[in-house]
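Asker: Got a structure for you, questions after.
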Amino acid sequence: MKVADVDAGARKFGRCAACHTIGKGGPDTGGPNLYGVFGQALGQHRPRYGYTVALSTAGGRWDAQTLDAWIANPQKLVAGTKMQVAGMVDPLDRADIIAYLRSQSD
Ligand code: HEC
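Note that the numbering used here has the sequence shown beginning at 84, numbered continuously upward.
So this is what it looks like as structure tokens:
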């Protein structure tokens, strides 16, 4: 059985790195820095980043379930978000990315 792999997730994060830094203390770029986002409320993690109202008022927290839905199709989870990307269709790709995001926190 295949299980989520942090190292594979780090490589696959390359698809996210065009818009996101992940290092601790990294800057917000096109999207917010994602260090420590796992477990945070949606659209609240980086107060100085200009989130859409859609995301900052969506409610809920970033956990394995919400991140999975988000990476599969951001607009489907939060209509009106400005994260305009083609979602990742393979559930294992998503699981790897989530494992990596989870590892990048204190
Ligand atoms: C084309 C640029 C772009 C790409 C590529 C991109 N994102 Fe985003 N992302 C954004 C933007 C912009 C936002 C803010 C959305 C909003 O405010 O509605 C965002 C928000 C997020 C958030 C919410 C952060 C928070 O503080 O609530 C997460 C989690 C996230 N992205 C993960 C990812 C992952 C994982 C990938 C790769 C699979 C990815 N993003 C690829 C632009 C991008």
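By construction, the Cβ of each residue, glycine as well, lies at the ideal position given by its N, Cα and C atoms.
As the structure is a computational prediction, the values presented were derived from the model and not from experiment.
Looking at R131: is its Cβ nearer than 8 Å to the Cβ of I154?
Answerer: By 1-based counting over the sequence shown, the position of residue 131 is 48. By 1-based counting over the sequence shown, the position of residue 154 is 71. Their beta carbons are not under 8 Å apart, which means R131 does not touch I154 by this criterion.
Asker: Does the beta carbon of D151 come closer than 8 Å to any beta carbon on chain B?
Answerer: Note that chain B does not occur in the displayed structure, where there is just one protein chain.
Asker: Checking 8 Å against the spacing of the C-beta atoms, do V172 and P157 come in under that value?
Answerer: As a working mapping, residue 172 is identified with position 89 in the sequence shown. As a working mapping, residue 157 is identified with position 74 in the sequence shown. The answer is no: Cβ separation not under 8 Å.
Asker: Less than 8 Å between the C-beta atoms of L81 and A147, yes or no?
Answerer: What is shown of the chain runs 84 to 189, which leaves residue 81 out entirely.
Asker: Quick one: what's got a C-beta closer than 6 Å to G119's C-beta in the same chain, skipping five residues either side?
Answerer: Here residue 119 corresponds to residue number 36 of the sequence shown, with the count starting at 1. Hits under 6 Å: S188.
Asker: Considering just the uninterrupted stretch of the alpha helix (DSSP H) at T140, what are its terminal residues?
Answerer: Taking the sequence shown and counting its residues from 1, the one referred to as residue 140 is at position 57. Looking at the DSSP string, T140 is not in any alpha helix (DSSP H), and its letter there is neither H nor E.
Asker: Find the nearest neighbour of L125 within the set G113, D111, T140, T112, judged by alpha-carbon distance.
Answerer: The sequence position of residue 125 within the sequence shown is 42, counting from 1. Looking at the Cα atoms, T140 is the closest of the given residues.
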